[in-house]
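Report on one structure; see the data block that follows.
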Amino acid sequence: MELGKFTINDWSFSFDFVRAAGPGGQHVNKTSTAVVLRFKLYQSGLSEGIINRFSKKFAKRLTSDGELIIKSMSHRSQLRNREVAFARLEGMIAEVAVRPKFRVATKPSKGAKKRRVEGKKRRSDVKKNRGRVDY
């Protein structure tokens, strides 16, 4: 299935439809409009890098089986709740799809170290010269 610019396997997700809580009168009591999207991350067919970043970033939301559960019940329509759940999933995948920049650790130059120490000494002198003046 196409999910934005990603393709995921159809068997990696499933839907459960349950009754939604909240206002809605008899309609809520008769229909199961809330959607529970179950997404099996490790069977999704996404690249290994995306799976690793996803499992690190959203570790608290994954079950022990590596399954992500997204619940949507903001709309009265089952179809609309399904679209919202997919949009959330797409947003989560898009968040981790961008590979973070590789950062090269650098050290400050000798001049920068010297300027820092001189600034600290000046500040120390200012604080040292505060207080009572003895004549």
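Going by the working numbering, 91 is the number at position 64 of the sequence shown; the sequence numbering is gapless. By construction, the Cβ of each residue, glycine as well, lies at the ideal position given by its N, Cα and C atoms.
Selection A114, G146, Q105, F81 evaluated against V123 yields F81 as nearest (Cα-Cα). Within its own chain, the residues whose Cβ lies closer than 7 Å to the Cβ of Q105, once the five positions on either side in sequence are excluded, are F44, T60, V62, listed in chain order. Runs of the alpha helix (DSSP H) spanning 4 or more residues and lying entirely within the region 69-132 occur at 75-84, 105-124, in chain order. K57 and H102 have their C-alpha atoms spaced approximately 15 Å apart.
Assigned with DSSP and collapsed to three states, D43 falls in strand.
Scanning its chain for C-beta atoms nearer than 7 Å, with the 5 sequence neighbours on each side dropped, one finds around I78 the residues L68, Y69, in chain order. Rounded to whole angstroms, the gap between the alpha carbons of R149 and R159 is 19 Å.
Here S71 is near S39, since their CB atoms are less than 7 Å apart.
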